[in-house]
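For the record, the sequence lines run as chains A and B.
Its first residue numbered 1, the first sequence is counted upward by one per residue in full-length UniProt numbering.
Its first residue numbered 1, the second sequence is counted upward by one per residue in full-length UniProt numbering.
One structure below.
Protein chains: 2
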Amino acid sequence: MKAIKQFRVTKQTRIKDQDAEQKPLSGGDKTKDKEQVAELAAQIGVQQEILYAGQQHKLLVVLQGIDTSGKDGTVNGVFSGVNPQGIRIVSFKAPSSIELAHDYLWRVHQQVPQKGEIAVFNRSHYEDVLVTRVHDWIDDSECQRRYAQICDFERMLAETGTTIIKCLLHISKDEQRSRLQERIDDPSKHWKFDMQDLEERKYWDAYQQLFGQAMQATDADHAPWYLIPANSKTHRNLAIASIVLETLNDLKLALPEPKPELSGLVIK
Amino acid sequence: MKAIKQFRVTKQTRIKDQDAEQKPLSGGDKTKDKEQVAELAAQIGVQQEILYAGQQHKLLVVLQGIDTSGKDGTVNGVFSGVNPQGIRIVSFKAPSSIELAHDYLWRVHQQVPQKGEIAVFNRSHYEDVLVTRVHDWIDDSECQRRYAQICDFERMLAETGTTIIKCLLHISKDEQRSRLQERIDDPSKHWKFDMQDLEERKYWDAYQQLFGQAMQATDADHAPWYLIPANSKTHRNLAIASIVLETLNDLKLALPEPKPELSGLVIK
């Protein structure tokens, strides 16, 4: 089965029933799985060059997931085979005062991919219906209003030539514990650790519930959500690289036609 | 000798005396040279992570050179070992009408690296003293004024924490002919060929003369120019990767100190 079918969220998907440990794409041998990720990454690189040459399509990959779910690692693992010139990684942090003085989609809209480009959002406008709702900075009716606004925004992007992939990186609560503990136990990783992460961890259940709600409210064929079991880093990369490559393949990209006027031209 | 000494422009440097064929860093075996580029690229990747962790230093790499001199190839060859999240490639094309309605440094300033980041400029504000002067869109006194403005701008960037590397990719006129001819002879590369490139080629001597003038006018220890013999793509990457890595090493980057408050912390 294609990964874009296998991991696609459906109306029946319930996050709490999903086993974050599962590795349906794995061949059982981690080394070989890693080789396959590298192979997929290289193929993504080939497709990206054709995408760039054509200057028509735009690809937007949204990565969401709780702290330590592996968004940074995905960027490095899946997109490191791509010419850095053809890809733009956008990490959305806590908004600045100028950003807060605008609507929440303002800074996001500025960063969408242009023709021939792949943009990867490490966090995104979905933070504005997740962290904001978890902390009660917005109420439920505002949250519902934003779901509708996000649907409108993404439909506009799709209608104007953007192919959208949205991945939720799903890890178990125990996996997060172990990843946070690892950062604490290794002093060279202390810089990655923020006490705030422990505060956010207290809202685990609320986040899970909202992830599910946001996915159901904003999933669409032109802006599909994929739920990625992500306890295994290698399998996570395998799944996301497969989804990205299948999506690019489905675009049936081709190099521009040769230019007849160049035939036989000799440069002095 | 270190690459940052070997390729650094001096007051005595004359571009027309420089052999674009030379490969002083090559071990004589192309396969081994390529392995060394990959090794340097991986080390740049390691340094980049420490740069990112520290959130203090900013690195700006400016790539200039005539059409087909290999700016795109440098980006791919030298920076593909770096986590795409830690690097931003900015390709400056012909300015838009909004950009033209501002001073020429306006769009450039917006793209300078932030703390912890590496930014690579594929073309830059130097286009505004090269293509503009070659075509007589600005006169010599305006060009001199801009050199001074660029010196001021780059000194400000350096004084506020940006490390600057500027590379001129130097190819011979015959090498350009052969690279352009290759794009014509291979229909799958037609999309890379622009008739305008042939028009620009007519101004070869003027470009060479202005490259030399611009380098002399804007070279500084805090914003050094490197003249890279670039007829060989592998050697070009070897030289630029060496310069970037030596520059990063000279920063003596180190991971942030461990946080004492995390010692012994156990997460539930």
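Ideal placement from N, C-alpha and C gives every residue a C-beta, glycine not left out.
**Prompt:** So what does DSSP say about residue 274 of chain B, is it helix, strand or coil?
**Reply:** Since the displayed chain B opens at 1 and closes at 268, residue 274 of chain B lies outside it and no answer follows.
**Message:** Using beta carbons (cut-off 8 Å, strictly below), is B:Lys252 in contact with chain A?
**Reply:** By one-based count along the second sequence, residue 252 of chain B stands at place 252. Chain A, which has no Cβ nearer than 8 Å to the Cβ of B:Lys252, makes this no.
**Prompt:** Quick one: complete beta strand (DSSP E) runs, 3+ long, within the region 6–94 of chain A?
**Reply:** Qualifying beta strand (DSSP E) stretches, in chain order: 58–65, 87–91.
**Prompt:** If you pair each beta-carbon of the region 96–115 of chain A with each one of the region 57–68 of chain A, do three or more pairs fall below 8 Å?
**Reply:** yes
**Request:** Identify the continuous beta strand (DSSP E) that holds residue 355 of chain A and give its terminal residues.
**Result:** Residue 355 of chain A lies beyond the stretch modelled for chain A, which goes from 1 to 268, so this question has no answer here.
**Message:** Output needed in chain order: residues of the region 121–140 of chain A with a Cβ under 9 Å from some Cβ in chain B.
**Reply:** Asn122
**Asked** Within 10 angstroms of its Cβ, does A:Arg146 collect 16 or more other Cβ (buried), or is it exposed?
**Response** The residue you call residue 146 of chain A lines up with position 146 of the first sequence. Buried: at least 16 other Cβ atoms inside 10 Å.
**Request:** Could you round the C-beta distance between A:Arg14 and A:Gly212 to whole angstroms and report it? I think they count as a contact, below 8 Å.
**Result:** Stepping through the first sequence from its first residue, residue 14 of chain A is reached at position 14. Stepping through the first sequence from its first residue, residue 212 of chain A is reached at position 212. A:Arg14 to A:Gly212, Cβ: 7 Å. Contact.
**Prompt:** Any heavy atom of the ligand MG within a distance shorter than 7 Å of the CB on A:Asp19?
**Reply:** With respect to the ligand MG, the structure offers nothing, as it holds no ligand at all.
**Request:** Thinking A:Asp33 and A:His235 are a contact (beta carbons under 8 Å), I'd like their distance in whole angstroms, please.
**Result:** By 1-based counting over the first sequence, the position of residue 33 of chain A is 33. By 1-based counting over the first sequence, the position of residue 235 of chain A is 235. That pair is a contact at about 7 Å.
**Prompt:** Quick one: Cα of B:Ile44 to Cα of B:Ala241, how far?
**Reply:** Translated into positions along the second sequence, residue 44 of chain B becomes position 44. Translated into positions along the second sequence, residue 241 of chain B becomes position 241. B:Ile44 and B:Ala241 have their C-alpha atoms roughly 8 Å apart.
**Message:** Does any residue of chain B have a CB that is nearer than 8 Å to the CB of A:Phe193?
**Reply:** One-based indexing of the first sequence puts residue 193 of chain A at position 193. At least one chain B Cβ lies under 8 Å of A:Phe193.
**Message:** Taking 8 Å as the threshold (C-beta atoms), are B:Leu255 and B:Ile66 in contact?
**Reply:** Here residue 66 of chain B refers to the residue found at position 66 of the second sequence. Here residue 255 of chain B refers to the residue found at position 255 of the second sequence. No, the pair does not count as a contact, with Cβ atoms beyond the cut-off.
**Message:** Which residue wins for smallest C-alpha separation from A:Ser26, given the options A:Asp140, A:Val120, A:Ala239?
**Reply:** The residue you call residue 26 of chain A lines up with position 26 of the first sequence. Of the listed residues, the one whose Cα sits closest to A:Ser26 is A:Ala239.
**Request:** Just the C-alpha distance for A:Pro260 and B:Asp185, rounded to the nearest angstrom, thanks.
**Result:** The residue you call residue 260 of chain A lines up with position 260 of the first sequence. The residue you call residue 185 of chain B lines up with position 185 of the second sequence. When rounded, the distance between both Cα atoms is 11 Å.
**Asked** Opposite B:Val112 in the DSSP bridges: which residues?
**Response** The residue given as residue 112 of chain B occupies position 112 in the second sequence. Its beta-bridge partners do not exist; DSSP assigns none.
**Prompt:** In chain order, which beta strand (DSSP E) runs of at least 3 residues are fully inside the region 148–193 of chain B?
**Reply:** 162–170
**Message:** Which residues in chain B have a C-beta closer than 7 Å to the C-beta of A:Ala53? List them in chain order.
**Reply:** Here residue 53 of chain A refers to the residue found at position 53 of the first sequence. Near A:Ala53 (Cβ distances below 7 Å), the residues of chain B are Trp191.
**Asked** Which residues share a DSSP beta bridge with A:Asn122?
**Response** Position 122 of the first sequence holds residue 122 of chain A. Its beta-bridge partners are A:Leu63, A:Ser91.
**Asked** Nearest CA to the CA of B:Arg88: which residue from B:Glu99, B:Leu100, B:Ser96, B:Val75?
**Response** As a working mapping, residue 88 of chain B is identified with position 88 in the second sequence. Closest by alpha carbon: B:Val75.
**Asked** Does B:Pro95 get closer than 8 Å to chain A when you measure Cβ to Cβ?
**Response** Residue mapping note: residue 95 of chain B aligns to position 95 of the second sequence, counting from 1. So, not an interface residue.
**Message:** Could you tell me the alpha carbon to alpha carbon distance between B:Leu180 and B:Asp72, rounded to whole angstroms?
**Reply:** Position 180 of the second sequence, counted from the start, is the residue given in the question as residue 180 of chain B. Position 72 of the second sequence, counted from the start, is the residue given in the question as residue 72 of chain B. In a straight line, the C-alpha of B:Leu180 is about 15 Å away from that of B:Asp72.
**Request:** State the DSSP-derived secondary structure class of B:Leu265, mapped to helix, strand or coil.
**Result:** In the second sequence, counting from the first residue as 1, residue 265 of chain B sits at position 265. It is coil, neither helix nor strand.
**Closest Cα partner of A:Gln47 within the set A:Glu199, A:Glu246, A:Glu257** = Here residue 47 of chain A corresponds to residue number 47 of the first sequence, with the count starting at 1. The candidate whose alpha carbon is nearest that of A:Gln47 is A:Glu246.
**Item:** CB contact check: B:Gln85 to chain A, cutoff 8 Å
**Value:** Position 85 of the second sequence, counting from 1, holds the residue named residue 85 of chain B. So, interface residue.
**Asked** Which partner residues of B:Ile228 appear in the DSSP bridge assignment?
**Response** Within the second sequence, the letter at position 228 stands for residue 228 of chain B. B:Ile228 is bridged to B:Leu169.
**Request:** Anything in the region 169–183 of chain A with a Cβ closer than 9 Å to a Cβ of chain B? List those residues in chain order, please.
**Result:** Gln176, Arg177, Ser178, Leu180, Gln181, Arg183
**Message:** Pop quiz: A:Ala20 and A:Glu182 are said to be a contact at Cβ under 8 Å. What is the actual Cβ separation, rounded to whole angstroms?
**Reply:** Locating residue 20 of chain A in the first sequence gives position 20, counting from the first residue. Locating residue 182 of chain A in the first sequence gives position 182, counting from the first residue. That belief does not hold up - the Cβ atoms of A:Ala20 and A:Glu182 are roughly 17 Å apart, past 8 Å.
**Request:** Anything in chain B within Cβ reach of A:Val75, meaning under 9 Å, just list it in chain order.
**Result:** Walking along the first sequence from the start, residue 75 of chain A turns up at place 75. Here the neighbours are Asn83, Pro84, Gln85.
**Message:** Looking at chain A, is there any beta carbon in it that lies within less than 8 Å of the beta carbon of B:Asp67?
**Reply:** Translated into the one-based positions of the second sequence, residue 67 of chain B becomes position 67. For B:Asp67, the answer is no, since every Cβ of chain A falls outside 8 Å of its Cβ.
**Asked** Among A:Leu40, A:Arg8, A:Ser69, which one has its Cα closest to the Cα of A:Val78?
**Response** Position 78 of the first sequence, counted from the start, is the residue given in the question as residue 78 of chain A. Here the closest residue by C-alpha is A:Leu40.
**Asked** chain A partners of B:Asp205, CB-CB under 7 Å?
**Response** Translated into the one-based positions of the second sequence, residue 205 of chain B becomes position 205. Those do not exist, as B:Asp205 stays about 15 Å from chain A at its closest Cβ, beyond 7 Å.
**Message:** Taking the alpha carbon of B:Gln216 as the reference point, which residue from B:Val266, B:Val129, B:Ser178 has its own alpha carbon closest?
**Reply:** For the purposes of this step, residue 216 of chain B is taken as the residue at position 216 of the second sequence. Considering only alpha carbons, the answer is B:Val129.
**Asked** Which residues in chain B sit within 9 Å of A:Asp72, going by Cβ to Cβ distance?
**Response** Taking the first sequence and counting its residues from 1, one reaches residue 72 of chain A at position 72. Residues of chain B passing the Cβ test: Asn83, Gln85.
**Request:** Work out the CA separation of B:Cys143 and B:Trp191 for me, nearest whole Å.
**Result:** On the second sequence, position 191 is the one that residue 191 of chain B refers to. On the second sequence, position 143 is the one that residue 143 of chain B refers to. The straight-line gap from Cα to Cα measures roughly 33 Å.
**Message:** Quick check: is the beta carbon of A:Phe92 nearer than 8 Å to any beta carbon in chain B?
**Reply:** Stepping through the first sequence from its first residue, residue 92 of chain A is reached at position 92. No - not a single Cβ of chain B is within 8 Å of the one on A:Phe92.
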